[in-house]
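What follows is one structure encoded as structure tokens, with my remarks underneath.
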Amino acid sequence: MEVPVVVDHLKTERPSYLGFEAWLGDKLANPSEFASRREIFNASVIERIHAEEKRADIQKNLSREDDGSLPREGVVLNHVEDWHYAHTALIAD
Numbered sequence: 050m051e052v053p054v055v056v057d058h059l060k061t062e063r064p065s066y067l068g069f070e071a072w073l074g075d076k077l078a079n080p081s082e083f084a085s086r087r088e089i090f091n092a093s094v095i096e097r098i099h100a101e102e103k104r105a106d107i108q109k110n111l112s113r114e115d116d117g118s119l120p121r122e123g124v125v126l127n128h129v130e131d132w133h134y135a136h137t138a139l140i141a142d
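Heads up: the sequence shown begins at 50 in this note's numbering, then just goes up one per residue.
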């Protein structure tokens, strides 16, 4: 698939991520191969472990020592950091 076609679709339709996945799957010549690759990619994102430097940076942003109580998975740490930022913004008002 040509990059300009994808960019045009994203700019004009502004689909959700899942909507974009569905559109892409419909446009590809071999949808079953796309489904398999999508599953592999999504699993790698969910199971990804942050590097020690990234984990230390998140712990610093949370103003806490890394006592090992938080999971090492990137998705979980990113969520905790996002909730920290949201809470900080909400109580600042």
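Note that beta-carbon positions come from the ideal geometry of N, C-alpha and C, so glycine has one too.
For R104, the enclosing alpha helix (DSSP H) stretches over residues E101 to N110.
It is roughly 14 Å from the alpha-carbon of K109 to the alpha-carbon of S118.
For I89, DSSP records no beta bridge to any residue. The C-beta distance from D115 to A105 rounds to 7 Å, short enough to fall under 8 Å. Annotated as distal: V55 and V94, with beta-carbon spacing of 8 Å or more.
As computed with DSSP, E122 is found in a beta bridge with I98. D142 sits in coil when the DSSP states are folded into three classes, being neither helix nor strand. Under the three-state reduction of DSSP output, N79 falls in the coil class, being neither helix nor strand.
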